[in-house]
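Shown next, in structure tokens, is the structure this report addresses.
In our numbering, the protein residues as written are 773 to 940.
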């Protein structure tokens with residue numbers, strides 16, 4: 773399995789951070805490529821993209837000021853296959869990416885991603901009181917995986933906080 777290249781550049785409005793690529797994402801080289809993943813639908817319904825993008829268009833997010841990376845680069849079937857050592861290494865690499873590229877907002881796509889990154893056990897949805905990397909805003913949103921038991925409209929409501937945060 774091959775890693776999926778980051779979609780990242782300097783001064784992004786939002787950097788979306790997932791757990792790690794799916795097997796389908798590894799096969800296609802595109803983020804959130806699993807057909808059961810609702811990431812692209814959520815972005816559109818939350819008003820972040822003008823239409824529903826396809827995974828094959830993931831690099832177009834850069835034109836909107838959005839990027840995508842993961843805390844762990846190794847593709848797996850499920851996030852529970854990620855080892856503690858991979859999280860530890862991934863956390864340091866992610867800190868370096870954030871410091872280098874300086875996105876305004878880091879949107880963690882899943883509470884578990886932020887828990888691994890921050891070390892915090894109790895994490896509310898939305899803006900966090902303190903950011904792991906100073907000078908950025910940490911924002912926690914539900915995972916877009918089809919395995920998440922929240923309704924899509926509930927997930928979208930949380931993501932809808934991002935546009936106003938971007939415009940502040």
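For every residue, glycine included, the Cβ atom is placed at its ideal position computed from N, Cα and C. Given the structure is predicted, the values throughout are model-derived calculations rather than measurements.
Could you pull the start and end residues of the alpha helix (DSSP H) that residue i belongs to?
i           : result
residue 811 : 811–817
residue 833 : Residue 833 -> no alpha helix (DSSP H), and no H or E assigned at all.
residue 940 : Taken as a continuous stretch (DSSP letters only), residue 940 belongs to no alpha helix (DSSP H), as it is neither H nor E.
Please classify residue i: does DSSP put it in a helix, a strand, or coil?
i           : result
residue 927 : helix
residue 800 : helix
residue 787 : strand
residue 840 : strand
Evaluate residue i with the Cβ neighbour count: other Cβ atoms within 10 Å of its Cβ, from every protein chain shown; 16 or more gives buried, anything less gives exposed.
i           : result
residue 866 : buried
residue 830 : buried
residue 868 : exposed
residue 896 : exposed
residue 856 : exposed
residue 823 : exposed
residue 827 : buried
residue 888 : buried
residue 805 : buried
residue 798 : buried
residue 894 : exposed
residue 910 : buried
residue 907 : exposed
residue 935 : exposed
residue 921 : exposed
residue 784 : buried
Could you tell me which uninterrupted alpha helix (DSSP H) segments, each at least 4 residues in length, are contained entirely in the stretch 843–914, listed from first to last along the chain?
With a minimum length of 4 residues, the continuous alpha helix (DSSP H) runs that stay inside the stretch 843–914 are 856–873, 883–890.
So, does the stretch 786–806 touch the stretch 845–858, judging by three or more C-beta pairs under 8 Å?
Proximity of the stretch 786–806 to the stretch 845–858 meets the contact definition, three or more beta-carbon pairs being nearer than 8 Å.
Contact the stretch 876–888 vs the stretch 912–928: 3+ CB pairs below 8 Å
Proximity of the stretch 876–888 to the stretch 912–928 meets the contact definition, three or more beta-carbon pairs being nearer than 8 Å.
Below 8 Å, how does it come out for the stretch 817–826 and the stretch 923–932: are there three or more Cβ pairs, yes or no?
By the Cβ test, the stretch 817–826 is in contact with the stretch 923–932, since at least three Cβ pairs between them sit closer than 8 Å.
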